[in-house]
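Reviewing the structure listed below.
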(Lines of atoms letter the chains of each structure in order from A and count residues from 1; the text may use other names and numbers.)
(Lines give C-alpha, C1' and ligand atoms only; values in the text may rest on other atoms or scores of the structure.)
Protein backbone atom coordinates (compact mmCIF):
# COMPACT_ATOMS: atom_id res chain seq x y z
CA UNK A 1 0.00 0.00 0.00
CA UNK A 2 2.84 2.34 0.79
CA UNK A 3 4.44 1.62 -2.60
CA UNK A 4 1.13 2.26 -4.39
CA UNK A 5 0.68 5.49 -2.51
CA UNK A 6 4.19 6.56 -3.42
CA UNK A 7 3.58 5.75 -7.12
CA UNK A 8 0.27 7.63 -7.07
CA UNK A 9 1.99 10.61 -5.50
CA UNK A 10 4.69 10.50 -8.18
CA UNK A 11 2.11 10.39 -10.94
CA UNK A 12 0.13 13.19 -9.34
CA UNK A 13 2.99 15.64 -9.80
CA UNK A 14 2.53 15.25 -13.58
CA UNK A 15 -1.31 15.42 -13.50
CA UNK A 16 -2.02 18.38 -11.12
CA UNK A 17 -0.88 21.99 -10.67
CA UNK A 18 -0.01 23.88 -7.48
CA UNK A 19 -3.18 26.07 -7.62
CA UNK A 20 -6.11 24.14 -9.14
CA UNK A 21 -8.77 26.18 -11.01
CA UNK A 22 -12.40 26.21 -9.92
CA UNK A 23 -14.42 23.11 -10.72
CA UNK A 24 -15.88 23.24 -14.20
CA UNK A 25 -19.37 22.03 -15.17
CA UNK A 26 -19.63 18.55 -16.61
CA UNK A 27 -20.70 19.83 -20.03
CA UNK A 28 -18.27 22.70 -20.03
CA UNK A 29 -16.96 22.16 -23.61
CA UNK A 30 -20.47 21.72 -25.08
CA UNK A 31 -21.65 25.04 -23.56
CA UNK A 32 -18.41 26.61 -24.78
CA UNK A 33 -19.20 25.70 -28.41
CA UNK A 34 -22.87 26.77 -28.19
CA UNK A 35 -21.99 30.15 -26.69
CA UNK A 36 -19.47 30.82 -29.48
CA UNK A 37 -22.04 30.05 -32.16
CA UNK A 38 -24.67 32.41 -30.69
CA UNK A 39 -22.34 35.39 -30.20
CA UNK A 40 -23.20 38.37 -32.51
CA UNK A 41 -20.61 39.75 -34.94
CA UNK A 42 -18.75 42.86 -33.69
CA UNK A 43 -19.86 46.31 -34.99
CA UNK A 44 -17.68 48.25 -37.40
CA UNK A 45 -15.62 51.14 -36.05
CA UNK A 46 -17.19 54.58 -36.35
CA UNK A 47 -13.99 56.18 -37.52
CA UNK A 48 -13.67 53.94 -40.51
CA UNK A 49 -17.35 54.06 -41.51
CA UNK A 50 -17.18 57.74 -42.44
CA UNK A 51 -14.33 57.21 -44.93
CA UNK A 52 -14.68 55.92 -48.46
CA UNK A 53 -14.22 52.19 -48.89
CA UNK A 54 -11.00 52.69 -50.84
CA UNK A 55 -9.47 54.83 -48.05
CA UNK A 56 -10.69 52.78 -45.14
CA UNK A 57 -7.91 51.74 -42.79
CA UNK A 58 -7.72 48.20 -41.56
CA UNK A 59 -9.06 47.84 -38.10
CA UNK A 60 -6.38 47.06 -35.55
CA UNK A 61 -6.47 43.69 -33.91
CA UNK A 62 -8.13 43.90 -30.54
CA UNK A 63 -5.83 43.50 -27.58
CA UNK A 64 -6.06 40.04 -25.99
CA UNK A 65 -7.23 40.36 -22.44
CA UNK A 66 -5.89 37.97 -19.81
CA UNK A 67 -8.03 34.94 -19.16
CA UNK A 68 -10.27 35.22 -16.15
CA UNK A 69 -12.50 32.48 -14.90
CA UNK A 70 -16.20 33.43 -15.38
CA UNK A 71 -18.71 33.47 -12.58
CA UNK A 72 -21.29 31.69 -14.77
CA UNK A 73 -21.76 30.09 -18.18
CA UNK A 74 -23.50 33.22 -19.47
CA UNK A 75 -20.31 35.26 -19.16
CA UNK A 76 -18.22 32.65 -21.02
CA UNK A 77 -18.21 33.49 -24.72
CA UNK A 78 -15.42 31.89 -26.84
CA UNK A 79 -15.34 31.32 -30.65
CA UNK A 80 -15.77 27.79 -31.95
CA UNK A 81 -12.16 27.64 -33.32
CA UNK A 82 -10.76 28.47 -29.90
CA UNK A 83 -12.91 25.74 -28.39
CA UNK A 84 -11.51 23.23 -30.86
CA UNK A 85 -7.92 24.26 -30.13
CA UNK A 86 -8.58 24.10 -26.43
CA UNK A 87 -10.08 20.62 -26.82
CA UNK A 88 -7.05 19.36 -28.79
CA UNK A 89 -4.63 20.89 -26.31
CA UNK A 90 -6.47 19.32 -23.38
CA UNK A 91 -6.55 15.90 -25.04
CA UNK A 92 -2.80 16.07 -25.88
CA UNK A 93 -1.93 17.04 -22.32
CA UNK A 94 -3.91 14.10 -20.97
CA UNK A 95 -2.13 11.64 -23.33
CA UNK A 96 1.33 12.93 -22.40
CA UNK A 97 0.47 12.82 -18.71
CA UNK A 98 -0.83 9.24 -18.99
CA UNK A 99 2.30 8.11 -20.88
CA UNK A 100 4.57 9.72 -18.29
CA UNK A 101 2.61 8.12 -15.46
CA UNK A 102 2.84 4.70 -17.16
CA UNK A 103 6.61 4.97 -17.48
CA UNK A 104 7.06 6.07 -13.86
CA UNK A 105 4.70 3.46 -12.46
CA UNK A 106 6.65 0.75 -14.33
CA UNK A 107 3.82 -0.51 -16.56
CA UNK A 108 5.98 -2.46 -19.03
CA UNK A 109 3.01 -3.36 -21.24
CA UNK A 110 2.00 0.28 -21.76
CA UNK A 111 5.56 1.57 -22.15
CA UNK A 112 6.51 -1.06 -24.75
CA UNK A 113 3.97 0.39 -27.15
CA UNK A 114 6.22 3.42 -27.58
CA UNK A 115 9.33 1.35 -28.56
CA UNK A 116 9.77 0.24 -32.19
CA UNK A 117 12.42 -2.48 -32.74
CA UNK A 118 14.17 -2.45 -36.11
CA UNK A 119 14.62 -5.99 -37.52
CA UNK A 120 18.26 -7.09 -37.96
CA UNK A 121 19.33 -7.28 -41.60
CA UNK A 122 22.35 -9.34 -42.71
CA UNK A 123 24.16 -9.29 -46.02
CA UNK A 124 24.08 -12.35 -48.24
CA UNK A 125 27.67 -13.35 -47.42
CA UNK A 126 26.93 -13.02 -43.70
CA UNK A 127 23.86 -15.22 -44.03
CA UNK A 128 25.94 -17.83 -45.87
CA UNK A 129 28.56 -17.85 -43.08
CA UNK A 130 25.91 -18.12 -40.37
CA UNK A 131 24.21 -20.98 -42.21
CA UNK A 132 27.54 -22.80 -42.70
CA UNK A 133 28.35 -22.56 -38.99
CA UNK A 134 24.90 -23.74 -37.90
CA UNK A 135 24.94 -26.72 -40.25
CA UNK A 136 28.48 -27.93 -39.44
CA UNK A 137 28.77 -27.19 -35.72
CA UNK A 138 27.01 -30.47 -34.72
CA UNK A 139 29.78 -32.38 -36.53
CA UNK A 140 32.63 -30.83 -34.49
CA UNK A 141 33.61 -32.38 -31.15
CA UNK A 142 35.80 -31.43 -28.19
CA UNK A 143 38.45 -33.97 -27.13
CA UNK A 144 40.01 -34.09 -23.66
CA UNK A 145 43.26 -35.99 -23.12
CA UNK A 146 43.46 -37.52 -19.62
CA UNK A 147 46.63 -38.89 -18.05
CA UNK A 148 47.20 -40.89 -14.88
CA UNK A 149 49.19 -39.11 -12.17
CA UNK A 150 50.12 -40.20 -8.66
CA UNK A 151 49.87 -37.73 -5.82
CA UNK A 152 53.29 -37.23 -4.21
CA UNK A 153 51.88 -37.04 -0.66
CA UNK A 154 48.87 -39.34 -0.56
CA UNK A 155 50.10 -41.69 -3.32
CA UNK A 156 46.58 -41.66 -4.75
CA UNK A 157 46.29 -42.29 -8.49
CA UNK A 158 44.40 -39.50 -10.23
CA UNK A 159 43.30 -38.79 -13.76
CA UNK A 160 44.11 -35.23 -14.78
CA UNK A 161 43.65 -33.45 -18.11
CA UNK A 162 46.96 -33.02 -19.89
CA UNK A 163 45.67 -31.52 -23.12
CA UNK A 164 42.68 -30.90 -25.34
CA UNK A 165 41.88 -30.52 -28.98
CA UNK A 166 39.22 -30.78 -31.64
CA UNK A 167 37.86 -33.45 -33.92
CA UNK A 168 34.89 -34.20 -36.14
CA UNK A 169 32.39 -36.99 -36.74
CA UNK A 170 33.38 -39.15 -39.69
CA UNK A 171 30.42 -41.56 -39.92
CA UNK A 172 27.31 -42.80 -38.12
CA UNK A 173 29.29 -45.65 -36.57
CA UNK A 174 30.82 -43.19 -34.10
CA UNK A 175 34.27 -42.75 -35.67
CA UNK A 176 35.95 -39.46 -34.75
CA UNK A 177 38.93 -38.06 -36.71
CA UNK A 178 41.57 -35.90 -35.04
CA UNK A 179 45.36 -35.39 -34.88
CA UNK A 180 47.66 -37.96 -33.34
CA UNK A 181 49.42 -35.34 -31.21
CA UNK A 182 46.04 -34.51 -29.59
CA UNK A 183 45.71 -38.03 -28.13
CA UNK A 184 49.39 -38.88 -27.64
CA UNK A 185 50.21 -40.17 -24.16
CA UNK A 186 46.58 -40.39 -23.05
CA UNK A 187 45.37 -42.96 -20.56
CA UNK A 188 41.74 -42.05 -21.26
CA UNK A 189 39.98 -39.89 -23.82
CA UNK A 190 36.67 -38.09 -23.53
CA UNK A 191 34.68 -36.69 -26.44
CA UNK A 192 32.15 -33.91 -25.91
CA UNK A 193 29.51 -33.45 -28.62
CA UNK A 194 27.83 -30.18 -29.56
CA UNK A 195 24.94 -30.87 -27.15
CA UNK A 196 27.47 -31.12 -24.28
CA UNK A 197 26.99 -34.88 -23.89
CA UNK A 198 30.26 -36.63 -22.94
CA UNK A 199 31.40 -40.10 -24.05
CA UNK A 200 34.45 -42.25 -23.38
CA UNK A 201 36.47 -42.80 -26.56
CA UNK A 202 38.53 -45.77 -27.70
CA UNK A 203 41.51 -45.47 -30.07
CA UNK A 204 40.86 -47.31 -33.35
CA UNK A 205 44.24 -46.52 -34.84
CA UNK A 206 46.68 -43.74 -35.67
CA UNK A 207 49.32 -42.75 -38.19
CA UNK A 208 52.18 -40.93 -36.52
CA UNK A 209 53.88 -40.03 -39.79
CA UNK A 210 50.88 -38.06 -41.04
CA UNK A 211 49.60 -36.98 -37.58
CA UNK A 212 46.16 -38.57 -38.02
CA UNK A 213 44.19 -40.61 -35.48
CA UNK A 214 40.75 -42.24 -35.41
CA UNK A 215 38.67 -42.68 -32.25
CA UNK A 216 35.31 -44.32 -31.67
CA UNK A 217 32.50 -43.47 -29.28
CA UNK A 218 29.29 -45.33 -28.45
CA UNK A 219 26.70 -42.63 -28.99
CA UNK A 220 23.14 -42.79 -30.38
CA UNK A 221 23.08 -42.39 -34.13
CA UNK A 222 20.67 -39.49 -33.92
CA UNK A 223 23.37 -37.52 -32.08
CA UNK A 224 26.04 -38.21 -34.70
CA UNK A 225 26.12 -35.97 -37.74
CA UNK A 226 28.97 -36.89 -40.13
CA UNK A 227 30.72 -33.96 -41.72
CA UNK A 228 30.37 -33.66 -45.52
CA UNK A 229 33.66 -34.64 -47.17
CA UNK A 230 34.94 -32.59 -50.10
CA UNK A 231 37.96 -32.71 -52.41
CA UNK A 232 41.29 -30.95 -51.96
CA UNK A 233 42.84 -31.63 -55.37
CA UNK A 234 41.16 -28.65 -57.08
CA UNK A 235 41.69 -25.99 -54.41
CA UNK A 236 42.83 -22.52 -55.45
CA UNK A 237 44.83 -19.88 -53.61
CA UNK A 238 42.49 -17.09 -52.53
CA UNK A 239 39.29 -19.04 -52.01
CA UNK A 240 37.49 -18.64 -48.70
CA UNK A 241 37.90 -21.21 -45.94
CA UNK A 242 36.39 -21.63 -42.48
CA UNK A 243 37.90 -23.29 -39.41
CA UNK A 244 35.78 -24.60 -36.52
CA UNK A 245 37.42 -25.79 -33.33
CA UNK A 246 37.97 -25.28 -29.63
CA UNK A 247 40.89 -22.85 -29.22
CA UNK A 248 42.01 -22.46 -25.60
CA UNK A 249 39.00 -24.56 -24.54
CA UNK A 250 36.45 -22.16 -26.09
CA UNK A 251 34.19 -24.71 -27.73
CA UNK A 252 32.86 -24.33 -31.25
CA UNK A 253 34.73 -21.21 -32.32
CA UNK A 254 34.50 -20.12 -35.96
CA UNK A 255 37.34 -18.33 -37.74
CA UNK A 256 37.48 -17.35 -41.40
CA UNK A 257 40.20 -16.70 -43.92
CA UNK A 258 41.49 -17.69 -47.33
CA UNK A 259 43.85 -20.28 -48.73
CA UNK A 260 47.24 -18.58 -48.60
CA UNK A 261 49.25 -21.33 -50.26
CA UNK A 262 49.16 -24.90 -51.53
CA UNK A 263 51.57 -27.85 -51.65
CA UNK A 264 53.41 -26.79 -48.51
CA UNK A 265 55.47 -29.27 -46.54
CA UNK A 266 55.63 -29.62 -42.76
CA UNK A 267 57.14 -32.22 -40.46
CA UNK A 268 55.14 -34.62 -38.33
CA UNK A 269 55.19 -33.60 -34.67
CA UNK A 270 55.66 -37.26 -33.66
CA UNK A 271 58.22 -38.69 -36.08
CA UNK A 272 59.57 -35.71 -37.99
CA UNK A 273 58.56 -37.35 -41.26
CA UNK A 274 57.48 -34.72 -43.79
CA UNK A 275 53.82 -34.26 -44.68
CA UNK A 276 53.43 -33.12 -48.27
CA UNK A 277 50.78 -31.09 -50.11
CA UNK A 278 49.70 -29.26 -46.94
CA UNK A 279 47.20 -26.36 -47.19
CA UNK A 280 48.33 -22.99 -45.83
CA UNK A 281 45.64 -20.62 -44.56
CA UNK A 282 45.41 -17.32 -42.69
CA UNK A 283 42.27 -18.41 -40.79
CA UNK A 284 43.15 -18.10 -37.10
CA UNK A 285 44.31 -21.49 -35.76
CA UNK A 286 45.31 -21.57 -32.10
CA UNK A 287 46.16 -24.27 -29.54
CA UNK A 288 43.01 -26.35 -29.24
CA UNK A 289 42.13 -26.05 -32.94
CA UNK A 290 44.26 -29.11 -33.75
CA UNK A 291 42.17 -31.87 -35.28
CA UNK A 292 39.31 -29.56 -36.23
CA UNK A 293 37.93 -29.28 -39.77
CA UNK A 294 38.85 -26.77 -42.44
CA UNK A 295 35.81 -26.14 -44.65
CA UNK A 296 35.23 -24.53 -48.02
CA UNK A 297 32.42 -22.06 -48.70
CA UNK A 298 30.03 -24.96 -49.38
CA UNK A 299 30.63 -26.43 -45.93
CA UNK A 300 32.61 -29.42 -47.22
CA UNK A 301 35.69 -30.78 -45.44
CA UNK A 302 38.91 -29.92 -47.31
CA UNK A 303 41.51 -30.33 -44.56
CA UNK A 304 42.34 -31.13 -40.93
CA UNK A 305 43.89 -28.25 -38.98
CA UNK A 306 47.23 -29.49 -37.70
CA UNK A 307 49.88 -26.87 -37.03
CA UNK A 308 50.74 -23.19 -36.98
CA UNK A 309 53.90 -21.25 -37.59
CA UNK A 310 54.28 -18.91 -34.63
CA UNK A 311 57.18 -17.94 -32.38
CA UNK A 312 54.71 -17.07 -29.59
CA UNK A 313 52.55 -20.19 -29.85
CA UNK A 314 49.42 -18.22 -30.80
CA UNK A 315 47.98 -17.57 -34.24
CA UNK A 316 50.22 -15.50 -36.49
CA UNK A 317 48.17 -15.87 -39.66
CA UNK A 318 50.12 -18.91 -40.90
CA UNK A 319 48.25 -22.15 -40.27
CA UNK A 320 48.52 -25.55 -41.91
CA UNK A 321 45.94 -28.25 -42.65
CA UNK A 322 46.43 -31.78 -43.92
CA UNK A 323 44.45 -32.10 -47.20
CA UNK A 324 41.36 -34.27 -47.07
CA UNK A 325 42.56 -36.39 -50.01
CA UNK A 326 45.48 -37.54 -47.84
CA UNK A 327 43.37 -37.91 -44.69
CA UNK A 328 40.65 -39.93 -46.43
CA UNK A 329 42.96 -42.76 -47.48
CA UNK A 330 44.57 -42.94 -44.05
CA UNK A 331 41.23 -42.99 -42.21
CA UNK A 332 39.89 -45.76 -44.43
CA UNK A 333 42.92 -47.94 -43.63
CA UNK A 334 42.72 -47.19 -39.90
CA UNK A 335 39.02 -48.11 -39.73
CA UNK A 336 39.49 -51.26 -41.79
CA UNK A 337 42.82 -52.57 -40.48
CA UNK A 338 43.56 -50.46 -37.40
CA UNK A 339 46.89 -49.42 -38.89
CA UNK A 340 48.47 -47.83 -41.94
CA UNK A 341 50.80 -50.02 -43.95
CA UNK A 342 53.57 -47.77 -45.24
CA UNK A 343 56.77 -49.09 -46.89
CA UNK A 344 60.25 -48.37 -45.55
CA UNK A 345 63.85 -48.88 -46.66
CA UNK A 346 64.93 -49.83 -43.17
CA UNK A 347 67.77 -47.32 -42.74
CA UNK A 348 68.81 -44.50 -40.46
CA UNK A 349 70.26 -41.51 -42.26
CA UNK A 350 72.27 -38.45 -41.27
CA UNK A 351 70.77 -34.95 -40.97
CA UNK A 352 70.72 -33.01 -44.19
CA UNK A 353 73.04 -30.35 -42.77
CA UNK A 354 75.77 -32.95 -42.16
CA UNK A 355 75.72 -34.07 -45.77
CA UNK A 356 75.83 -30.48 -46.99
CA UNK A 357 78.89 -29.80 -44.84
CA UNK A 358 80.63 -32.65 -46.62
CA UNK A 359 79.88 -30.95 -49.94
CA UNK A 360 77.69 -33.84 -51.07
CA UNK A 361 74.09 -34.18 -52.22
CA UNK A 362 71.92 -37.11 -51.19
CA UNK A 363 71.03 -39.19 -48.16
CA UNK A 364 73.94 -40.57 -46.11
CA UNK A 365 73.19 -44.03 -44.67
CA UNK A 366 74.21 -44.18 -41.00
CA UNK A 367 72.77 -47.60 -40.20
CA UNK A 368 71.25 -50.46 -42.19
CA UNK A 369 70.25 -53.37 -39.92
CA UNK A 370 71.00 -56.75 -41.51
CA UNK A 371 67.39 -57.91 -41.08
CA UNK A 372 65.98 -54.80 -42.78
CA UNK A 373 65.24 -54.27 -46.48
CA UNK A 374 68.37 -52.19 -47.14
CA UNK A 375 70.61 -54.49 -45.10
CA UNK A 376 69.34 -57.53 -46.97
CA UNK A 377 69.97 -55.75 -50.28
CA UNK A 378 73.58 -54.93 -49.33
CA UNK A 379 73.59 -51.18 -48.58
CA UNK A 380 76.61 -50.19 -46.49
CA UNK A 381 76.26 -48.16 -43.28
CA UNK A 382 78.70 -45.59 -41.88
CA UNK A 383 81.28 -47.07 -39.50
CA UNK A 384 84.75 -46.60 -38.03
CA UNK A 385 87.90 -48.48 -38.91
CA UNK A 386 90.19 -50.07 -36.29
CA UNK A 387 92.01 -46.75 -35.90
CA UNK A 388 88.76 -44.83 -35.12
CA UNK A 389 88.59 -43.12 -38.45
CA UNK A 390 85.11 -42.52 -39.89
CA UNK A 391 84.27 -44.45 -43.03
CA UNK A 392 81.23 -43.01 -44.80
CA UNK A 393 78.50 -45.40 -45.83
CA UNK A 394 76.50 -45.35 -49.05
CA UNK A 395 74.96 -42.04 -50.14
CA UNK A 396 71.56 -42.51 -51.83
CA UNK A 397 71.34 -40.23 -54.86
CA UNK A 398 68.17 -41.52 -56.59
CA UNK A 399 65.31 -44.03 -56.28
CA UNK A 400 63.68 -45.44 -59.42
CA UNK A 401 65.43 -42.75 -61.43
CA UNK A 402 64.08 -39.88 -59.31
CA UNK A 403 66.80 -37.66 -57.86
CA UNK A 404 67.18 -37.60 -54.08
CA UNK A 405 68.85 -34.56 -52.50
CA UNK A 406 67.60 -34.83 -48.90
CA UNK A 407 65.47 -36.91 -46.57
CA UNK A 408 62.23 -35.23 -47.63
CA UNK A 409 62.79 -36.35 -51.22
CA UNK A 410 63.29 -39.93 -50.07
CA UNK A 411 60.10 -39.94 -47.98
CA UNK A 412 58.12 -38.40 -50.82
CA UNK A 413 59.17 -41.19 -53.16
CA UNK A 414 58.44 -43.93 -50.63
CA UNK A 415 54.93 -42.54 -50.02
CA UNK A 416 54.13 -43.36 -53.63
CA UNK A 417 55.33 -46.97 -53.31
CA UNK A 418 53.69 -50.05 -51.83
CA UNK A 419 54.81 -52.78 -49.49
CA UNK A 420 56.52 -55.60 -51.39
CA UNK A 421 57.46 -53.39 -54.32
CA UNK A 422 61.03 -53.58 -55.64
CA UNK A 423 62.77 -50.26 -56.16
CA UNK A 424 66.11 -49.43 -57.71
CA UNK A 425 68.32 -47.46 -55.36
CA UNK A 426 71.31 -45.66 -56.82
CA UNK A 427 74.10 -45.00 -54.29
CA UNK A 428 77.45 -43.25 -54.27
CA UNK A 429 79.95 -45.74 -52.78
CA UNK A 430 83.42 -44.31 -52.48
CA UNK A 431 84.22 -42.80 -55.85
CA UNK A 432 81.74 -44.73 -57.97
CA UNK A 433 77.99 -45.25 -58.24
CA UNK A 434 76.03 -48.47 -57.96
CA UNK A 435 72.40 -49.45 -58.54
CA UNK A 436 70.95 -51.84 -55.97
CA UNK A 437 67.45 -53.40 -56.07
CA UNK A 438 65.62 -53.25 -52.71
CA UNK A 439 62.35 -54.97 -51.78
CA UNK A 440 60.30 -52.59 -49.58
CA UNK A 441 58.88 -53.95 -46.34
CA UNK A 442 56.42 -52.56 -43.73
CA UNK A 443 57.52 -51.22 -40.38
CA UNK A 444 58.33 -53.99 -37.87
CA UNK A 445 55.45 -52.90 -35.57
CA UNK A 446 53.01 -52.99 -38.50
CA UNK A 447 53.82 -56.51 -39.73
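In the numbering used here, the protein residues as written are 449 to 895. Note that CB positions come from ideal geometry on N, CA and C, so glycine has one too.
In the DSSP assignment, residue 870 forms a beta bridge with 887. Residue 629 is classed as buried because its beta carbon has at least 16 other beta carbons within 10 Å across all chains shown. Residue 673 and residue 769 have their C-alpha atoms roughly 22 Å apart.
Residue 593 is bridged by DSSP to 611, 637.
Assigned with DSSP and collapsed to three states, residue 819 falls in coil, not helix or strand.
Scanning its chain for C-beta atoms nearer than 8 Å, with the 5 sequence neighbours on each side dropped, one finds around residue 570 the residues 578, in chain order. The beta carbon of residue 883 sits closer than 6 Å to those of 872, 874, all from its chain and outside the five residues before and after it, given in chain order. In the DSSP secondary-structure assignment, residue 812 is bridged to 843. Rounded to the nearest whole angstrom, the C-alpha separation of residue 748 and residue 680 is 10 Å. Where residue 577 is concerned, there is no enclosing beta strand (DSSP E), although the alpha helix (DSSP H) around it starts and stops at 572-584.
Residue 656 places its beta carbon less than 7 Å from that of residue 719. Residue 742 and residue 707 have their C-alpha atoms roughly 10 Å apart.
Three or more beta-carbon pairs drawn from the stretch 690-700 and the stretch 579-587 are found closer than 8 Å, and the two stretches are therefore classed as touching. With contacts defined by Cβ atoms closer than 7 Å, residue 833 and residue 877 do not form a contacting pair.
The stretch 652-666 makes contact with the stretch 614-634, as at least three CB pairs between them are under 8 Å.
Judged by DSSP in its simplified three-state form, residue 697 adopts helix. Assignment of beta-bridge partners to residue 753 by DSSP yields 769. In the three-state reduction of the DSSP assignment, residue 675 falls in the coil class. The criterion of a C-beta distance shorter than 7 Å is not satisfied by residue 867 and residue 858.
With at least 16 other beta carbons inside 10 angstroms of its own, residue 641 counts as buried. Residue pairing for residue 722: DSSP places it in a beta bridge opposite 715. Judged by DSSP in its simplified three-state form, residue 800 adopts helix. The shortest C-alpha to C-alpha distance from residue 696 to any of 592, 806, 813, 889 is the one to 592. Nearest to residue 682 by C-alpha distance, out of 725, 752, 787, is 725.
Annotated three-state conformation of residue 617 is strand, per DSSP.
Proximity of the stretch 784-802 to the stretch 727-741 falls short of the contact definition, fewer than three beta-carbon pairs being nearer than 8 Å.
It is roughly 38 Å from the alpha-carbon of residue 651 to the alpha-carbon of residue 810. In this structure, residue 822 and residue 862 do not form a Cβ contact; the two beta carbons are roughly 12 Å apart against a cut-off of 8 Å. The beta carbon of residue 658 sits closer than 7 Å to those of 716, 723, 770, 774, 778, all from its chain and outside the five residues before and after it, given in chain order.
Put simply, of 732, 788, 675 the residue whose alpha carbon is nearest the alpha carbon of residue 890 is 788. At a Cβ-Cβ threshold of 7 Å, residue 615 and residue 646 do not count as neighbours. One thing to note: residue 783 has its Cβ no nearer than 7 Å to the Cβ of residue 756. DSSP, read as helix, strand or coil, puts residue 832 in strand.
The beta carbon of residue 818 lies closer than 8 Å to those of 824 in the same chain, with the five residues before and after it left out. Nearest in C-alpha terms to residue 838, of all of 845, 767, 812, 727, is 812.
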